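Novice:
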Amino acid sequence: MTTHDDSQGGRKNARSLAELHALGIMKKMPPALQLDSTEPVALPTVEAPSLEGVSVAQVAPAPLTEQELVDRFDALRRRHADVRERQPGEDVALEDDVLVDVLGFANNRLMPFSVRENWWVRVAADPGLPGFFESLAGAKVGQSVAIELTLPDTYPVEALRGQPARFLVSVKAARALKLLDDDSPELLSRLGMGSITDVMRKLGDELAQERLADVDRLTQERVMDVLVDRTPVELSAALVDEEIRQRWAEAERPILQRKDFQPDELQEALEGWLQDPLTRMDAAYRITLALVLRAIAERDGIQPDRAATDAMLEDLATLTGVNRQELGVAVKEDEALARRLYEMALRFSTIDHVMKKVTLTPASA
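If you're matching positions, the sequence shown starts at 1341 in the working numbering and goes up one per residue.
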């Protein structure tokens, strides 16, 4: 599935693996496997790579465009629009926000990474999946529709590009939005950011700060790539399979079980993940990087610090919508969760240690 705006003010759902492929951020995710586990497959031994002589060019920030600013303002207007909940049986209209469940099929099989549940989307054309979102116009709230289209040449799952696909979409709710005029006093009052000039300036500053954060993230990924390249390691197919299996079990299996998929159908869905080449490459990369970082932590005596732990908990709270106090209780009561969070905090601390050791050169013009 393509990336698309979630509903105004609502918490974003976790993105599908295919979307993360397209966004190029899979590499920052730790593996699902516990590094200190010996089940169900053995982890290879890795020698920590030297950090001497690691020099990486910083990523140059892309220039901000006028369209980005317009899009950000449009999103802000939608968040502060007048909203009317559509009633069961009422038709969905273009530019509505709709809450949907989605299952995608191609070649009579469930498409990997097409499963979505409780997903707020905007009913408007999206170049990532032409013909999908706008086809929701005319659907009735509380009913299901089938959308048939040909997957674009940019579809994240390469084997499915150009293939006919059929999406079963349950329209669970819809909101009609009445946008206020760009320069209306009421909109400016709701925004609480001053004049329209002040609003655009603040949005520009936000975009600039986000762009700088992207630069830091992408530069860090370049450093991680160097570490992986410096560390030859043989990963068994079984290890990669298990990593993918655990990811699938976390992300997709619960939804399919709620949809009453039978065991053979669940196995077929898992096979879609296991057979996708890009998914296998991402899984192998995540495992290798995790092993490398663990080896560096052990060699250099790295332990999670308070800042790394706090940052990790803040990210987790934002992602899940669970407050910090509830997270603290959950960690104390769930040993497996505590161990997983420790691994994440250790990862953050080790990456911070690495970034202080390597040489970063200015971005090339």
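Don't be surprised by glycine CBs; every beta carbon is placed ideally from N, CA and C.
Bear in mind that the values here come from a model prediction, so they are computed numbers and not experimental data.
Can the beta-carbon of A1609 be found less than 8 angstroms from the beta-carbon of F1601?
Specialist: Locating residue 1609 in the sequence shown gives position 269, where the first residue counts as 1. Locating residue 1601 in the sequence shown gives position 261, where the first residue counts as 1. Yes, they are a contact pair.
Novice: Run the CB neighbour count on E1582, radius 10 Å, all protein chains shown included, and call it buried at 16 or more, exposed below.
Specialist: As a position in the sequence shown, residue 1582 is number 242, starting the count at 1. E1582 comes out buried.
Novice: Spell out the partners DSSP gives T1571 in its beta bridges.
Specialist: In the sequence shown, the residue the question calls residue 1571 occupies position 231. According to DSSP, T1571 bridges with nothing at all.
Novice: Based on the DSSP secondary-structure assignment, which residues constitute the bridge partners of D1521?
Specialist: The residue labelled residue 1521 in the question sits at position 181 within the sequence shown. In the DSSP output, where bridge partners are listed per residue, D1521 has none listed.
Novice: With distance defined between alpha-carbon atoms, name the residue in V1481, Y1625, V1555 nearest to V1580.
Specialist: As a first step, residue 1580 is located in the sequence shown; it is residue number 240 there, counting from the start. The shortest Cα separation from V1580 among V1481, Y1625, V1555 belongs to Y1625.
Novice: Whole angstroms is fine: what's the gap from A1402's alpha carbon to V1555's?
Specialist: Translated into positions along the sequence shown, residue 1402 becomes position 62. Translated into positions along the sequence shown, residue 1555 becomes position 215. Their backbone Cα atoms lie some 9 angstroms apart in a straight line.
Novice: Indicate whether R1419 and L1519 have their beta-carbon atoms separated by less than 8 angstroms.
Specialist: The residue labelled residue 1419 in the question sits at position 79 within the sequence shown. The residue labelled residue 1519 in the question sits at position 179 within the sequence shown. In this structure, L1519 does not lie closer than 8 angstroms to R1419 by Cβ.
Novice: Hey, how far is the Cα of S1704 from the Cα of V1396?
Specialist: Numbered from its first residue, the sequence shown carries residue 1704 at position 364. Numbered from its first residue, the sequence shown carries residue 1396 at position 56. About 11 angstroms.
Novice: Less than 8 angstroms between the C-beta atoms of T1699 and V1394, yes or no?
Specialist: Along the sequence shown, read from residue 1 onward, the residue named residue 1699 stands at position 359. Along the sequence shown, read from residue 1 onward, the residue named residue 1394 stands at position 54. In contact: T1699 and V1394 (Cβ atoms closer than 8 angstroms).
Novice: Just to confirm my understanding: we take Q1503, look at its own chain, exclude 5 residues before and 5 after, and list those with CB closer than 6 angstroms. What are they?
Specialist: Mapped onto the sequence shown, residue 1503 falls at position 163. Here the set comprises A1446, L1491.
Novice: Across the segment 1544-1561 and the segment 1462-1469, are there enough close Cβ pairs to call them in contact, namely three or more that are closer than 8 angstroms?
Specialist: Not touching, per the Cβ criterion.
Novice: Can you name the residues that DSSP bridges to D1422?
Specialist: Within the sequence shown, the letter at position 82 stands for residue 1422. In the DSSP output, where bridge partners are listed per residue, D1422 has K1518.
Novice: So if DSSP puts Q1507 in a beta bridge, which residue, or which two residues, is it bridged to?
Specialist: The residue you call residue 1507 lines up with position 167 of the sequence shown. Note that residue 1507 corresponds to Phe in the displayed sequence, not to Gln. Its beta-bridge partners are G1444, I1487.
Novice: Judging by CA-CA distance, which residue of I1627, T1405, P1603, E1638 is the nearest neighbour of H1693?
Specialist: Translated into the one-based positions of the sequence shown, residue 1693 becomes position 353. Measuring from the Cα of H1693, the nearest candidate turns out to be E1638.
Novice: So, at 8 angstroms on beta carbons, what are the nonlocal neighbours of R1501 in its own chain, with the 5 sequence-adjacent residues on each side left out?
Specialist: As a position in the sequence shown, residue 1501 is number 161, starting the count at 1. Only L1491, P1492, D1493, T1494, Y1495 meet the Cβ criterion.
Novice: By DSSP, does D1622 sit in helix, in strand, or in coil?
Specialist: Position 282 of the sequence shown, counted from the start, is the residue given in the question as residue 1622. Here D1622 sits in helix by DSSP.
Novice: Between the Cα of G1532 and the Cα atoms of D1674, L1416, E1408, which residue gives the shortest distance?
Specialist: Taking the first residue of the sequence shown as 1, we reach residue 1532 at position 192. For G1532, the nearest C-alpha among the options comes from L1416.
Novice: Go to L1614, then tell me how far its alpha helix (DSSP H) extends in each direction, as first and last residue.
Specialist: Here the question's residue 1614 lines up with position 274 in the sequence shown. That run of the alpha helix (DSSP H) goes 1603-1614.
Novice: Taking only the alpha-carbon atoms, compute the straight-line gap between Q1483 and G1471 and give it to the nearest angstrom.
Specialist: Within the sequence shown, numbered from 1, the residue matching residue 1483 stands at position 143. Within the sequence shown, numbered from 1, the residue matching residue 1471 stands at position 131. Approximately 19 angstroms between the Cα atoms of the pair.
Novice: Could you spell out where the beta strand (DSSP E) holding S1395 opens and where it closes?
Specialist: Position 55 of the sequence shown, counted from the start, is the residue given in the question as residue 1395. Residues 1395-1397.
Novice: Give the single residue among R1449, D1437, R1456 whose Cα lies nearest to the Cα of A1477.
Specialist: On the sequence shown, position 137 is the one that residue 1477 refers to. Here the closest residue by C-alpha is D1437.
Novice: On the three-state DSSP scale, how would you describe E1435?
Specialist: Along the sequence shown, one-based indexing puts residue 1435 at 95. If DSSP states are grouped into helix, strand and coil, E1435 belongs with coil.
Novice: By DSSP, does R1449 sit in helix, in strand, or in coil?
Specialist: Within the sequence shown, numbered from 1, the residue matching residue 1449 stands at position 109. R1449: strand per DSSP, three-state reduction.
Novice: With distances taken from CA atoms, which of V1566, R1551, D1640 is nearest A1400?
Specialist: On the sequence shown, residue 1400 is found 60 positions in, with the first residue counted as 1. It is R1551 whose Cα lies nearest to the Cα of A1400.
Novice: With 16 other CB atoms within 10 Å as the buried threshold, where does L1631 fall?
Specialist: Along the sequence shown, read from residue 1 onward, the residue named residue 1631 stands at position 291. L1631 comes out buried.
Novice: Rounded to whole angstroms, what's the CA-CA distance from V1442 to V1423? Just pull it up for me.
Specialist: Position 102 of the sequence shown, counted from the start, is the residue given in the question as residue 1442. Position 83 of the sequence shown, counted from the start, is the residue given in the question as residue 1423. Computed Cα separation, rounded: 24 angstroms.
Novice: Have a look at Q1586, A1623, P1452, L1633 and flag the residue whose alpha-carbon is nearest the alpha-carbon of V1563.
Specialist: Residue numbering aside, residue 1563 sits at position 223 when the sequence shown is read from its first letter. When each option's Cα is compared against that of V1563, the closest is L1633.
Novice: So for K1696, helix, strand or coil by DSSP?
Specialist: As a working note, residue 1696 is residue 356 in the sequence shown. Helix.
Novice: Near P1428, what residues of its chain come up, given a Cβ to Cβ distance below 6 angstroms and the 5 sequence neighbours on each side ignored?
Specialist: Mapped onto the sequence shown, residue 1428 falls at position 88. Within the same chain, P1428 has close Cβ partners V1481, G1482.
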